[in-house]
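In the working numbering, the protein residues as written are 30 to 139.
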């Protein structure tokens, strides 16, 4: 994807019953490290942050503002808007308790 000539090939040889590792152009230079927020494991919300997203979402805040609020309150927080959308979907699913939105509405109207 990035045009790097570095390659590793792992092959099993039946003759000797061993795996052989070959490399092409072993130098692997010139790549910048990916920003930490590109790795989902570092963007996982804590329970406190998840509850904060719930509060802000119920108050009508947009994902962009929720991200800013999280980063202001927890400077080490690396969430992106997609994480907020995913959290809101989980919250919606939790609130519906397995019902469709129409079923939930009908239950509220009863």
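Built from N, CA and C at the ideal position, the CB exists for glycine as well.
Using only the alpha-carbon positions, how far apart do residue i and residue j sit?
i: residue 112; j: residue 130; result: 22 Å
i: residue 132; j: residue 40; result: 55 Å
i: residue 51; j: residue 33; result: 16 Å
i: residue 79; j: residue 134; result: 25 Å
i: residue 81; j: residue 64; result: 25 Å
With DSSP as the reference, label residue i as helix, strand or coil.
i: residue 40; result: strand
i: residue 51; result: strand
i: residue 90; result: coil
i: residue 113; result: helix
i: residue 75; result: coil
i: residue 136; result: helix
i: residue 108; result: coil
i: residue 102; result: helix
Considering only their Cβ atoms, is the gap separating residue j from residue i smaller than 8 Å?
i: residue 110; j: residue 92; result: yes
i: residue 95; j: residue 85; result: yes
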